[in-house]
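Read the structure below first, then the notes.
Numbering (the numbering used here), first residue to last: 86 to 190.
In structure tokens form, the structure reads like this:
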């Protein structure tokens, strides 16, 4: 089960924390899609989608306004489902969540 951080909880009322992997992925994709039309300070797209030659999604990257990667959705090529979400902090530390990790398996 995914849990909100204590820092996020201290900021006051926000959306409830996602309780399932599917909900977490849905919210992450919605957040990325909101920024799909934006560009970074160099004019590059902030959302970069990489697909296989047959058009199956492989990776979706979200960049910040400076062009640094902040989030990545990695897809399973066989199922087409999101297999992991990687978040990158402003100091470059990466946190990777996968479906089994998020469920506590």
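Using N, Cα and C, we set each Cβ at its ideal position, and we do this for glycine too.
In this text the structure is predicted, and so the values were computed from the model without any measurement.
* Asked: Buried or exposed: which applies to residue 134, given that a residue is buried once 16 or more other Cβ atoms fall within 10 Å of its Cβ?
  -> exposed
* **Contact between the segment 178 to 185 and the segment 135 to 144 (3+ Cβ pairs under 8 angstroms)** => no
* Where do the ends of the alpha helix (DSSP H) carrying residue 112 lie? -> 106 to 119
* What do you get for residue 144, buried or exposed, if any count of 16 or more other CB atoms within 10 angstroms of its CB means buried? -> exposed
* Asked: Considering only the beta carbon of each residue, do residue 152 and residue 129 sit closer than 7 angstroms?
  -> yes
* Asked: In chain order, what residues of the same chain have a beta carbon less than 6 angstroms from the beta carbon of residue 91, not counting five sequence neighbours either side?
  -> A caution first: residue 91 carries a pLDDT of 47, below 50, which makes its placement in the model unreliable, though a value can still be read off. Nothing meets the Cβ criterion.
* **Span separating the alpha-carbon of residue 174 from that of residue 155** => 7 angstroms
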